[in-house]
Each structure stands twice: as C-alpha cells, then as structure tokens.
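Participant:
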Amino acid sequence: MSGESGKGPLDLGAAELREALLAGEHTVVEVVEAHLARARERDGELSAFQFLDDERALARARELDAARAAGEPPGPLFGVPLALKANMCLAGVETNCGSRVLSGYRPPYTATFVERALAAGAVPLGITQMDEFAMGSSGENSAYGCPRNPWDPTRSAGGSSSGSAVAVAAGLCPISLGSDTGGSVRQPAAFCGIYGLKPTYGRVSRYGLVAFGSSLDQVSPFARNVRDLELVLETISGHDPRDSTSLPLPPFEPERPAELMRLAGLRVGVPSQYRGEGLDAEVGTVCDAALAQLESMGAELVPIELPSTEHAIPTYYVVATAEASSNLARYDGSLYGARVEGDGSLQGMFAATREAGFGEEVKRRILLGTYVLSAGYYEAWYGQALKVRTLLRRDFERAFESVDLVAGPTAPTGAFRLGEKTSDALEMYLSDVFTVPASLAGLPAVSLPAGFLPGDGGLPVGLQLIGPALAEARLLRVAAAFEAATDHHARRPRPLEAGGVA
Amino acid sequence: MPDPEEDLLEKTASLARLELSAAEKEALAPQFAAILAHFQVLASVEVEGVPPTLGATELCDVRRPDEPRPSGPFEALLDNAPDRRGPHFGVPRVIDEA
Numbered sequence: 001m002s003g004e005s006g007k008g009p010l011d012l013g014a015a016e017l018r019e020a021l022l023a024g025e026h027t028v029v030e031v032v033e034a035h036l037a038r039a040r041e042r043d044g045e046l047s048a049f050q051f052l053d054d055e056r057a058l059a060r061a062r063e064l065d066a067a068r069a070a071g072e073p074p075g076p077l078f079g080v081p082l083a084l085k086a087n088m089c090l091a092g093v094e095t096n097c098g099s100r101v102l103s104g105y106r107p108p109y110t111a112t113f114v115e116r117a118l119a120a121g122a123v124p125l126g127i128t129q130m131d132e133f134a135m136g137s138s139g140e141n142s143a144y145g146c147p148r149n150p151w152d153p154t155r156s157a158g159g160s161s162s163g164s165a166v167a168v169a170a171g172l173c174p175i176s177l178g179s180d181t182g183g184s185v186r187q188p189a190a191f192c193g194i195y196g197l198k199p200t201y202g203r204v205s206r207y208g209l210v211a212f213g214s215s216l217d218q219v220s221p222f223a224r225n226v227r228d229l230e231l232v233l234e235t236i237s238g239h240d241p242r243d244s245t246s247l248p249l250p251p252f253e254p255e256r257p258a259e260l261m262r263l264a265g266l267r268v269g270v271p272s273q274y275r276g277e278g279l280d281a282e283v284g285t286v287c288d289a290a291l292a293q294l295e296s297m298g299a300e301l302v303p304i305e306l307p308s309t310e311h312a313i314p315t316y317y318v319v320a321t322a323e324a325s326s327n328l329a330r331y332d333g334s335l336y337g338a339r340v341e342g343d344g345s346l347q348g349m350f351a352a353t354r355e356a357g358f359g360e361e362v363k364r365r366i367l368l369g370t371y372v373l374s375a376g377y378y379e380a381w382y383g384q385a386l387k388v389r390t391l392l393r394r395d396f397e398r399a400f401e402s403v404d405l406v407a408g409p410t411a412p413t414g415a416f417r418l419g420e421k422t423s424d425a426l427e428m429y430l431s432d433v434f435t436v437p438a439s440l441a442g443l444p445a446v447s448l449p450a451g452f453l454p455g456d457g458g459l460p461v462g463l464q465l466i467g468p469a470l471a472e473a474r475l476l477r478v479a480a481a482f483e484a485a486t487d488h489h490a491r492r493p494r495p496l497e498a499g500g501v502a
Numbered sequence: 503m504p505d506p507e508e509d510l511l512e513k514t515a516s517l518a519r520l521e522l523s524a525a526e527k528e529a530l531a532p533q534f535a536a537i538l539a540h541f542q543v544l545a546s547v548e549v550e551g552v553p554p555t556l557g558a559t560e561l562c563d564v565r566r567p568d569e570p571r572p573s574g575p576f577e578a579l580l581d582n583a584p585d586r587r588g589p590h591f592g593v594p595r596v597i598d599e600a
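Taken in sequence, the protein lines are chains A and B.
Every letter in the first sequence is one number past the one before it in our numbering, and letter 141, counting from 1, is 141.
Every letter in the second sequence is one number past the one before it in our numbering, and letter 89, counting from 1, is 591.
1. Across the region 412 to 429 of chain A and the region 194 to 212 of chain A, are there enough close Cβ pairs to call them in contact, namely three or more that are closer than 8 angstroms?
2. Going by other Cβ atoms of all chains shown within 10 Å of its Cβ, with 16 needed for buried, is S272/A buried or exposed?
3. Is the shortest distance between the beta-carbon of I366/A and the beta-carbons of chain B less than 8 angstroms?
4. Under 9 angstroms Cβ-Cβ, which residues of chain B neighbour V318/A?
5. Based on Cα-Cα distance, which residue from G79/A, G75/A, G71/A and S103/A lies nearest to A58/A?
6. Decide if I597/B is buried, meaning its Cβ has at least 16 other Cβ atoms within 10 Å, or exposed.
7. Just checking my contact of P254/A with L476/A at CB under 8 angstroms: how many whole Å lie between their CB atoms?
8. Using a Cβ-Cβ cut-off of 6 angstroms (strictly less than) and excluding sequence neighbours within five positions of V446/A, which residues of its own chain qualify?
9. How far does the alpha helix (DSSP H) with T370/A in it extend, from its first residue to its last?
10. Decide if V564/B is buried, meaning its Cβ has at least 16 other Cβ atoms within 10 Å, or exposed.
11. Whose C-beta lies closer than 8 angstroms to the C-beta of E483/A among residues of the same chain, with five residues either side of it excluded?
12. Between S237/A and Y317/A, what straight-line distance do the alpha-carbon atoms span, to the nearest angstrom?
13. So which residues on chain B does T112/A lean against when the C-beta distance must stay under 9 angstroms?
14. What residues from chain B crowd round Q384/A, counting only those whose CB sits closer than 8 angstroms?
15. For the region 193 to 206 of chain A, enumerate the residues whose C-beta is nearer than 8 angstroms to any C-beta of chain B, in chain order.
16. Starting from the C-beta of K263/A, find all residues in its chain whose C-beta is less than 7 angstroms away, skip the five residues before and the five after it, and write them out in chain order.
17. Using only the heavy atoms of the ligand FMN, determine whether one of them is closer than 7 angstroms to the beta carbon of A524/B.
18. Does the region 378 to 396 of chain A come close enough to the region 535 to 548 of chain B to have 3 or more Cβ pairs within less than 8 angstroms?
19. At a Cβ cut of 7 angstroms, what residues of the region 349 to 380 of chain A count as close to chain B, listed as they run along the chain?
20. For R100/A and E360/A, what's the separation of their Cα atoms in angstroms?
21. When burial is assigned at 16 or more other CB atoms within 10 Å of the CB, is R116/A buried or exposed?
22. Measuring alpha carbon to alpha carbon, tell me which residue in I304/A, E140/A, R148/A and Y207/A is nearest P107/A.
23. Within a Cβ cutoff of 7 angstroms, which residues of the same chain sit near D11/A, ignoring the five residues on either side of it in sequence?
24. List, in chain order, every chain A residue whose beta-carbon is nearer than 7 angstroms to that of D509/B.
25. Within 8 angstroms, do at least three Cβ pairs link the region 152 to 166 of chain A to the region 58 to 75 of chain A?
26. Going by beta carbon distance, what residues of the same chain come within less than 7 angstroms of T181/A, once the five residues before and after it are set aside?
27. Measure the alpha-carbon distance for A498/A versus S137/A and round it to whole angstroms.
28. Using the C-alpha atoms, what's the distance from P251/A back to V461/A?
29. Can you tell me whether P248/A is helix, strand or coil according to DSSP?
30. Among the candidates Y109/A, P81/A and F51/A, whose CA atom is the shortest distance from the CA of L579/B?
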C-alpha cells in the first residue's frame, strides 16, 4: 500500500499522512490498521506500549472516514495515529502511571489536551510505557515493563516518557505525547534520535495529566520532523479554564519565515556550564559540529555564563520531590486503585496500600519530599531551594538580554545501558543536569537530532535549544532550519532482529 | 545501637504513611543519607534578599465565577472504588464500637 509519493503510510509524518488521506491515497482505517499491525509486529521486542487499543482506534478510524465521506471538514490531525503516555486521562481507558497503586484505574473524564487532539482528528492507538509516576530517566522504574532503545535494544530509551519516544522512533506512530517535568521528553527524544518539545510552563493545560511536580509538569510532543511538532503544539495549546496554571493565551502559532535556512542576526548563547565535567567528549564533539552548522547558516555563537547551573540538580530534586510527596499523598487505597487491607485499621490500610503499591524510586522520592517539607527542615531545604530556583531563573533572564536562545547538549551521554545506573539513584539524578534548568525556569526547550556518536554503534545525540518564555516559534524556526540543512533526523534505526533481545 | 540514618528514614516514612520492610530500610537508609549529603550544597548558596519562586508563571489567585454546575459522573467515580457500598466508598471503621 503506497501512494503517489512512493511512500507507504508507515513512512509518513503526521502532516504528510493527513495530506495523503485528503488526497484519497488511503483511508483512515487502512492507515490505522497498518500502524497497529506494525506495532504488533515490533512491540514484542521494543515494549513501547502498555497496551494497544485496536477496538477503540478502529472505531474512531471508521467514524473519521464516515465524517470525511459526509463532507465534514477534516481537522489538523485528521486520521493521524497517536500514542499517549500512561499518565494521560482518556475516559474509560486504564491510566495506571506505570504504578501498581493505580492498577485498573479508569478515569471518568478525558484530559483537555487529549480532547483537543481527538477533536483535531487524531486516533489514539494505545497507551505507552513510562517510569512510575514519571519518576525516572531510563524507563526502568515501571511495574509493567521497560521499553528498549530501537537503536540498540540493550540500551535505555531514556525516560520517563520512554514508550512514547520509542513508538515514534521505531515508526509505530508518527507522533506521540509525553510529559516533561525535568527532561522526561527531551532526554528520551535525544536517546531515540527524534524531536521532543517541552513547551513554556502553562502553554498546555495539565487538566487530566496525573500530577508529579505541579510547578514543573508540561505535556510535550514527540515527532520525527519539526512541522509535526508545531502541528501538535498548535492543537493542544491554549487557555483552559479547568487548569488554574494555564496561561490565558490563544493556541500557539508557528512562524513561517520566507527564507527557512537563513539565520543571520540570530544570537545563540553557548553556556560554559553545559560543556564541563560529566559531558561525554564525543557528545560534546557532535554538539560542537551542530553549533558550527548553525553558525554556517548565519547565527552568531555567543559564550555565556549560567552560574547557578551547578545547583540545578539539588534544587530540582528538592522542589520536584516535595511536590511529588504532596501529590502522591492521595494514593491511599480509599477511592481508587489497588487497596491492601493491612492490619484492619484505616491508617494500616493507607500504609499497607502504599507499601505494596509504590515501587522503589517512587518511595525514595516520596521520602525525600516528605523530609524536605517536614517541620524543622522546611526552611533549610524546601524554602532554600525555592530561592535558588529564583537564581536559576535570573541566570536565564540575564542571558536572554544578549542572546535569542541558549544551546547545548540535551543529555551528557548517549543512551546508557539498561541496568547501568539502577543501583545508584544519585548517579541517575545527575544525568538530568542539562534538562532541569529550563524546567525550573518554566522555559520552552526542544531536543533535536544533532548527529550520531562515532562509537557505541552510532547512537543518536540530541541538541537542546532553550528559549525565553513563549518563544517556541523561534526555537522551532531554528530547529526547522537545522532540519533542512542536515539529514540526522531522516536516519532511522534498523528494525531489530527478531529474538535478538536477551 | 540505633542507626541514626535508619531512625531518620523511619520517622520520615511514618510521616509519609509508608510501611517499609526491613530490607527496604537497609537499602534506602544509606542512599537517603548520601543524596541529602550531596544536596547539602544548597545551604551554602547566598540567597540574602532573594525571593522564592513559588510557581513557574506570574499567574496568581486564578478564580472562576462562582456559578453552580454539574459535578463529576458519580457512577464512573464509584466504579473505581476498591470497596463500593451502594453510593458510598467503604473504608475500615475509624471509630471504635462502644
């Protein structure tokens, strides 16, 4: 099944797929069946999905074909298969957040951003694997399975939006949604060789996204090209009265520059703090080449300082765990999820339910968060972290007085091996060093395919661009220029060999 | 002799309503201490006169009009109850029988 372009529906991005559908090259049912079939074929090895929802997806596809036949105007994501992370509410569909404590939970309502994607014509194929409650940088902290990196199945796909990244990288769907609290979309995008965009905090409603760190969480798209990222952000952004932290703004609008590849006048800040200790030398070399590419297109590289970066990890882990311990207090076995009776008392039920329901990393973070909020320690830890957070924000404010965006590696290394960091939680935390600053400052940031490591079987490397608040259009314009000038984004992982995974 | 690392962990676990097994306590206590030791650097940052960042946006006291509207779908909410008793959520008895 291939259209006039010579490409089958599985090779197309979201915007191209919609065009092919409107040109009558395929029906939505054909497109959805093709993606479901590929997901079935590949997902035994990859484990991107918790489950595929064939019945719902095909019913939705038939509805869309019928609507089109009846002359209804097609939405901007008409017929486009989409994968959702397991912390996103879709009424009636299990939303377990990768946790035993929410096993079997079916939300009675649908998230605003999911409603908007559905109204635009997207077709959810299924629910993807994630680190439990989005706490993790490797995908290994789930009660339901760990995704494999499609470039090398012995390696991590990153986390916590692991399955949504793998689904797009392996061609199981053209676009997907993840959530990014401290890098949970940008880092897996970098590890899997695709695009991931964390919008400005407040751009996308959090209504229906299960909360982890409420002042940090943002719903964030994955795609294989920049146009598709823009398309998803246009669809899901905009004010929502059901989320009091949603910015009172209309939906995002992309820039359409006349000369796509011209970056003259663009000032790109290169922080010395994103170069130092801990950065893999080969990742640094790939990022330098990517920055040189931007320079060759007219951008000016400006050395800058973000001095508070050295405190970003402790600040992030104090703020995020404090918010998480508060948000996760609700999982006590009373109203939903799995209950364990314990000693028969109410308090006993709470403790036994939480002991059995949460995994090790979630417990570790609840404990850290409870500690930093507890009487006698609150000011010294949480209060102090909130002030250091201000210093991190001010670093960026100062930088953006002289540059248009900040660029550096998304992650300090390429995809690490599964199991490599599981025994040392602190080491895993430290790998988030380049993504947490933008999260703490609430700024938009995109990870784009910047090249490949010469060793390690050619693992992908991500370049992160961070912009001032609400400057997504600028970030994506630069990402599109880089995309037009290079072909890193076009390289896809080879299908894994059947049975090749230990 | 009581282990101060395990004491701190146990006290925090009780505040968090977490009932840790002995094996978990043994594994978590040194990690917990090591992570806090690493984060201790925050205390040395000069923040005199720096206001806290309480949220990622400037939005403050967002309110909606105080107008009645229908609440959630009760049946679907109750369907998720681990122990549904008619239109109620069942939990263990809190007040002793006299």
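Backbone N, C-alpha and C define an ideal beta-carbon position, used for all residues, glycine too.
Please read all numbers here as calculations on a predicted model, not as lab measurements.
Facilitator: On the basis of the supplied data:
1. no
2. Within the first sequence, numbered from 1, the residue matching residue 272/A stands at position 272. Classification of S272/A: exposed, given that the 10 Å Cβ count is below 16.
3. Taking the first residue of the first sequence as position 1, residue 366/A is located at position 366. With 8 angstroms as the cut-off, I366/A counts as an interface residue toward chain B.
4. Numbered from 1 along the first sequence, position 318 holds the residue referred to as residue 318/A. What V318/A touches in chain B: F541 and L544.
5. Counting from one through the first sequence, the residue named residue 58/A turns up at place 58. Note on residue identity: the sequence assigns Leu, not Ala, to residue 58/A. Here the closest residue by C-alpha is G79/A.
6. Indexing the second sequence from 1 puts residue 597/B at position 95. Label assigned to I597/B: exposed.
7. Residue mapping note: residue 254/A aligns to position 254 of the first sequence, counting from 1. Residue mapping note: residue 476/A aligns to position 476 of the first sequence, counting from 1. Confirmed, about 6 angstroms.
8. Start at 1 with the first residue of the first sequence, and residue 446/A comes out as number 446. Only L197, L465, L475 and A479 meet the Cβ criterion.
9. Here residue 370/A is taken as the residue at index 370 of the first sequence, counted from 1. Start and end: E360 to L373.
10. Mapped onto the second sequence, residue 564/B falls at position 62. So V564/B ends up on the exposed side.
11. Reading the first sequence from its first residue, position 483 is the one you call residue 483/A. Counting only Cβ-Cβ distances below 8 angstroms, and skipping sequence neighbours, we find N225, V226, L448 and H489.
12. Residue mapping note: residue 237/A aligns to position 237 of the first sequence, counting from 1. Residue mapping note: residue 317/A aligns to position 317 of the first sequence, counting from 1. For S237/A and Y317/A, the distance between alpha carbons rounds to 27 angstroms.
13. For the purposes of this step, residue 112/A is taken as the residue at position 112 of the first sequence. Going along chain B, no residue has its Cβ under 9 angstroms from T112/A, so there is no contact; the nearest lies around 15 angstroms.
14. One-based indexing of the first sequence puts residue 384/A at position 384. Residues of chain B passing the Cβ test: L544, A545, V547 and V549.
15. Y201 and G202
16. Position 263 of the first sequence, counted from the start, is the residue given in the question as residue 263/A. The sequence shown places Leu at residue 263/A, not Lys. Taken in chain order, the residues that qualify are L294, M297, G298, A299, V478 and A481.
17. Looking at this structure, you won't find the ligand FMN or any other ligand, since it has none at all.
18. yes
19. M349, F350, A351, A352, R354, E355, K363, R364, I366, L367, L368, T370, Y371, S374 and A380
20. For the purposes of this step, residue 100/A is identified with residue 100 of the first sequence, where counting begins at 1. For the purposes of this step, residue 360/A is identified with residue 360 of the first sequence, where counting begins at 1. Between R100/A and E360/A, the C-alpha separation is close to 12 angstroms.
21. For this step, residue 116/A is matched to residue 116 along the first sequence. R116/A should be labelled buried.
22. For the purposes of this step, residue 107/A is taken as the residue at position 107 of the first sequence. Ranking I304/A, E140/A, R148/A and Y207/A by Cα distance to P107/A puts Y207/A first.
23. Stepping through the first sequence from its first residue, residue 11/A is reached at position 11. The answer is none, since no qualifying residue turns up.
24. Indexing the second sequence from 1 puts residue 509/B at position 7. Simply none; closest approach about 12 angstroms.
25. no
26. Locating residue 181/A in the first sequence gives position 181, counting from the first residue. Closer than 7 angstroms at the Cβ level, and outside the excluded window around T181/A, lie A134, F212, G213, L216, D217, A320 and S439.
27. Position 498 of the first sequence, counted from the start, is the residue given in the question as residue 498/A. Position 137 of the first sequence, counted from the start, is the residue given in the question as residue 137/A. Summary for A498/A: the model assigns pLDDT 45, below 50, so the residue's position carries little reliability, and this model does not support an answer.
28. For this step, residue 461/A is matched to residue 461 along the first sequence. For this step, residue 251/A is matched to residue 251 along the first sequence. Roughly 30 angstroms between the two C-alpha positions.
29. Against the first sequence, residue 248/A aligns to sequence position 248. Three-state DSSP puts P248/A in coil, outside helix and strand.
30. In the second sequence, the residue the question calls residue 579/B occupies position 77. When only C-alpha atoms are compared, the closest one is Y109/A.
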